[in-house]
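**Q** According to this note's numbering, the sequence shown is numbered sequentially starting from 1206.
Let me begin by handing over the structure; questions about it come next.
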Amino acid sequence: MPKGKVIIEDERFAITIERLCQQLIERYGDFSNTCLIGIQPRGVMLSDRIVQRLRKNLKSPGFQYGKLDITFYRDDFRTRDKPLQANTTEMEFLVEDKDIVLMDDVLYTGRTIQAAMTALQHYGRPSNVELLTLIDRRFNRHLPISGDYVGLTVDALDEAYVKVEWKENNGRDRILMFPEKQ
1206 MPKGKVIIED
1216 ERFAITIERL
1226 CQQLIERYGD
1236 FSNTCLIGIQ
1246 PRGVMLSDRI
1256 VQRLRKNLKS
1266 PGFQYGKLDI
1276 TFYRDDFRTR
1286 DKPLQANTTE
1296 MEFLVEDKDI
1306 VLMDDVLYTG
1316 RTIQAAMTAL
1326 QHYGRPSNVE
1336 LLTLIDRRFN
1346 RHLPISGDYV
1356 GLTVDALDEA
1366 YVKVEWKENN
1376 GRDRILMFPE
1386 KQ
């Protein structure tokens, strides 16, 4: 297995998460009328971390937090070699007339975000939807989707692969780039 190039790790990783939290606080203040939603599966690691930091930084955060599965909303779910394994959606609220912040770890083609916005419609019609992503792979976008809050922009071409490792799963926080998918 080829070794990946470390893009950021540990301290800089934590600073990036904190910066994203501060941007959300600047925009939403007390978060009244706001829902934070992590996209299953990989966006939930990011959203859990963001929610944890916001709860620590704010005295009484007014947001609702959910985890959204998009497995069967993807436009490619029928073209896979093996059956997809769905994740659990944990949304105990409606998004009608709410401000929504969708969160995912890596923005690549935009198809995951398109699926998330379609799935979100089953919970009501939000007044506003924004996207927070840890990594924006700005090349190879298939859809006109961009992040409103971006931790880091990475110029990964063609078959290059960006992998986010989380302390909870991998023992350390870091972002790696490989010449091809691992």
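For each residue, glycine too, the CB sits at the ideal point set by N, CA and C.
(1) Helix, strand or coil for K1368? Go by DSSP, reduced to three states.
(2) Can you tell me where the alpha helix (DSSP H) with I1230 in it begins and where it stops?
(3) What residue range does the alpha helix (DSSP H) around N1262 cover?
(4) With distances taken from CA atoms, which of M1322, P1331, L1273 is nearest N1238?
(5) Can you tell me where the beta strand (DSSP E) holding L1325 begins and where it ends?
(6) Tell me whether the beta-carbon of R1247 lies closer than 8 Å to the beta-carbon of I1222.
(7) Classify M1206 as buried or exposed, calling it buried when 16 or more other Cβ atoms lie within 10 Å of its own Cβ.
(8) Hey, L1312 and T1338: beta-carbon distance below 8 Å or not?
(9) Between the Cα of M1382 and the Cα atoms of G1267, N1375, E1364, which residue gives the shortest distance?
(10) Just how far apart, CA to CA, sit D1304 and Q1326?
(11) Under 8 Å between the Cβ atoms of V1255 and C1226?
(12) Can you check whether the CB of D1360 is closer than 8 Å to the CB of I1340?
(13) Throw me the rounded Cβ distance for the R1260 and A1320 pair, which I believe falls under 8 Å.
(14) From A1324 to I1350, what distance separates their C-alpha atoms?
(15) Under the three-state reduction of DSSP, which class applies to E1335: helix, strand or coil?
(16) Residues in its own chain within less than 8 Å of R1377 by CB, not counting five upstream and five downstream?
(17) Could you pull the DSSP bridge partners for R1342 from this structure?
(18) For F1383, which three-state DSSP category applies?
(19) For I1305, which residues does DSSP report across the bridge?
**A** Working from what's here:
(1) strand
(2) 1215-1233
(3) 1247-1262
(4) P1331
(5) Run containing L1325: none in the beta strand (DSSP E); it sits in the alpha helix (DSSP H), 1316-1325.
(6) no
(7) Bear in mind that a pLDDT of 45 at M1206, under 50, signals an unreliable position, so the model cannot answer this.
(8) yes
(9) E1364
(10) 13 Å
(11) The question names Val, but residue 1255 in the sequence shown is Ile. Closer than 8 Å, so yes.
(12) no
(13) Rounded, the Cβ-Cβ distance is 28 Å, inconsistent with contact.
(14) 16 Å
(15) strand
(16) E1214, D1215, E1370
(17) V1359
(18) strand
(19) C1240, V1334
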